[in-house]
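Data first, discussion second: the structure below is written as structure tokens.
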Amino acid sequence: MTSDDRFLIISTMRDEGPYILEWLAYHRSIGFTDFLIYTNDCRDGTDLLLDRLDANGIVTHVRSKVLKRGPHKSALKYAKDHPLYSGADWVFITDVDEFLNIKVKDGQLSDLLDLYPEADAIPVCWRMFSNDGQEKIVNGLTTEALLDAELPDARPDEVGHFVKTLFKPNPNIERFGIHEPKYNESFAENAVYGAPWCGDGHADTPARPQTNYGYDVAQINHYAVRTVDSFLLKRDRGDGNATENRLELHYWKRWCRGGIRETSISRMMPGLQKELSFLKSDPVVRHLHEAAKECHVAQVEHLLKQPDYRELKEQILAVSPLETPADTPSVNSAARELTLKAPKRHQNRLRMLETLPKGGRGAEIGVWNGGFSEHILHVTQPTELVLIDPWDLLADQNPDDWTHKKHSEAEEMRVMRKNVEALYGSLSNVSVRQGFSAEVLASYPDNYFDWVYIDGNHLYDFVCKDLELSFRKVRPGGTIAGDDFFWKRNDRMHVKEAVLDTMRAQGMTNRPTRLGQQYMITVPE
């Protein structure tokens, strides 16, 4: 691949106004360069928003004439003859409720393509998300609000998981399918497929997998129903894949799948937010986006005056009860235990939290069971809190790097991670990031955070690395804080040495502010 390569998304839309900017921002942030979007019969300003984005050079918008084959297939017929297709290096046909979530390396499109340098096509499995107990239309980002995904377990009784496919333009493609390109018979036998469910190997066919879906490599986050009210709007809009509307209760029951908190896409939020801010910097785009949201709310009110929509909503609520306060973890036993176990130390930690900037962006390195995270949220009231911990990943590391006996117990660490995800994963201002702190911190822009709290691996080299990165990732005037300043192993105070050595390396001659074991460093202006 080169910097001149073009990566094209082809999509069809009708009445998707509130969701377009998030979807565009995300896919721009992972490396897509061009968007060819067809619309038909829009009522919420989707077409007007896309017109403005077209004028801004972000997308190419085409109003489509719908043939008997239906909106999607009509648009795909036209797209095959569009100049953007012939000029693309890779193409991806996808919908606005689908997000290509790449798990390898930095989550970029190039990282996935690098796994399969010889592939003609790369199919990626859907992973369905439920409504996450939500009724009303999501006001913020879908990728942050809906975190309840289907289990990764095999479903051998099914025909197989659907895929969406990245593919290279090829003269042997007879037509575009919704899920994959349709090659002519002679080429189809020789086409090379890079299938994520085969790791970094190859699959002979793009057939829908039944047992291993490749979620460790990539997945399509598919928010097919979004929320209850959003589904009513989807039914009103109609099915883009068929001439008859299939959007009834059986569709909801089939595709509203959950069972596990799935936050892997959260590591991509900084890039998404950067692109989203850029898109919204145009006041016309911002106005059309907000107007579409208002239109959707008003349309739900209108639909619920109709008996068939009221009945459908009642049927959905009967099979998918809404989340109530009792369903959501509200009492953090780990936080209570922390308070009782070491009251003096806990008071020092709270005093330290009071010194941190309020309402800013922060990161906690070393989350453990989430006990301190609750206090961080309460005291600092962050607009964004990133919780970073490797948890069960530690079990596979060098035992010499373990600093707690539980680090070798993968299952117990996994339970801790799931507890943290259950407690905080659904909060709109929290991102739960499983990974090693240096790698996770490196994924954020420089000067991104207002503060970072370090309570991870206490060995000298690890603390130094966390501190070095924090000096880059925390803005000037922000705070780097941490715990266990006097932690000792083999007669060596690893944390203290690392703090003082790193401050000297930064040209600082002062010592950190301390409250007992807590230390605080102000990043130089």
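With full-length UniProt numbering, letter number 434 in the sequence shown gets 434, and the count goes up by one each step, no holes. Even for Gly, the Cβ is constructed at its ideal location relative to N, Cα and C. All of these numbers come straight from a predicted model, not from anything done at the bench.
query, result
"Buried or exposed for residue 86, going by 16 or more other Cβ atoms inside 10 Å?", "exposed"
"Considering only their Cβ atoms, is the gap separating residue 170 from residue 526 smaller than 9 Å?", "Outside the shown range of the chain (1 to 525) lies residue 526, about which nothing can therefore be said."
"Quick one: does the C-beta of residue 469 sit closer than 8 Å to a heavy atom of the ligand SAM?", "The ligand content of the structure shown is nil, which means the ligand SAM is not present either."
"Within 8 Å, do at least three Cβ pairs link the region 134-146 to the region 58-66?", "no"
"Starting from residue 401 and walking both ways along the beta strand (DSSP E), at which residues does that stretch end?", "First-last for residue 401: undefined, no H or E at that position."
"Can you tell me whether residue 302 is buried or exposed, with buried defined as 16 or more other CB within 10 angstroms of its CB?", "exposed"
"Check whether the Cβ atoms of residue 53 and residue 24 sit closer than 9 Å, and answer yes or no.", "yes"
"Compute the distance between the beta-carbons of residue 89 and residue 5, then report whether it is under 9 Å.", "yes"
"Write down every uninterrupted run of the alpha helix (DSSP H) in the region 12-47 whose length is 4 residues or greater and which is fully enclosed by it, in chain order.", "20-29"
"What number of angstroms, rounded off, separates the C-alpha of residue 279 from the C-alpha of residue 412?", "43 Å"
"Can you grab the Cα-Cα spacing for the pair residue 313 / residue 231, in whole Å?", "9 Å"
"Tell me where the alpha helix (DSSP H) around residue 236 begins and ends.", "228-237"
"Do residue 363 and residue 530 come within 9 Å of each other at the CB atom, strictly closer than that value?", "With the chain represented from 1 up to 525, any question about residue 530 goes unanswered, as that position is not in the structure."
"Considering only their Cβ atoms, is the gap separating residue 68 from residue 175 smaller than 9 Å?", "no"
"State the beta-bridge partners of residue 176 as determined by DSSP.", "181"
"My guess is that residue 34 and residue 8 are in contact by the Cβ rule of under 8 Å, so how many angstroms apart are they, rounded?", "4 Å"
"List the endpoints of the continuous alpha helix (DSSP H) containing residue 249.", "249-255"
"The alpha helix (DSSP H) spanning residue 380 covers which residue range?", "371-380"
"For the structure I just gave you, are there three or more beta carbon pairs, one from the region 99-114 and one from the region 209-220, closer than 8 Å?", "yes"
"Out of curiosity, what's the CA-to-CA distance linking residue 72 and residue 12?", "6 Å"
"Per DSSP, which residues does residue 149 bridge with? Please list them.", "129, 260"
"Closer than 6 Å by C-beta to residue 187: which residues in its own chain qualify, once you throw out the five before and the five after it? Chain order, please.", "172"
"Taking just the CA atoms, how far does residue 115 sit from residue 243?", "Any reading at residue 243 needs caution, since the residue's pLDDT is 49, under 50, leaving its predicted position unreliable; the model's value is listed next. Roughly 38 Å separates the two Cα atoms."
"For residue 193 versus residue 99, is the C-beta distance shorter than 9 Å?", "no"
"For the region 279-330, which segments carrying the beta strand (DSSP E) assignment without a break, of at least 3 residues, lie completely within its bounds, in sequence order?", "none"
"Below 6 Å CB to CB, which residues in the same chain sit around residue 384 once its five sequence neighbours on both sides are set aside?", "361, 429"
"Compute the beta-carbon to beta-carbon distance between residue 348 and residue 516, rounded to the nearest angstrom, for a pair I have assumed lies under 8 Å.", "4 Å"
"Across which residues does DSSP place residue 513 in a beta bridge pair?", "520"
"Only counting the same chain, and skipping five residues up and downstream in sequence, which positions put a Cβ closer than 6 Å to that of residue 10?", "36, 79, 93"
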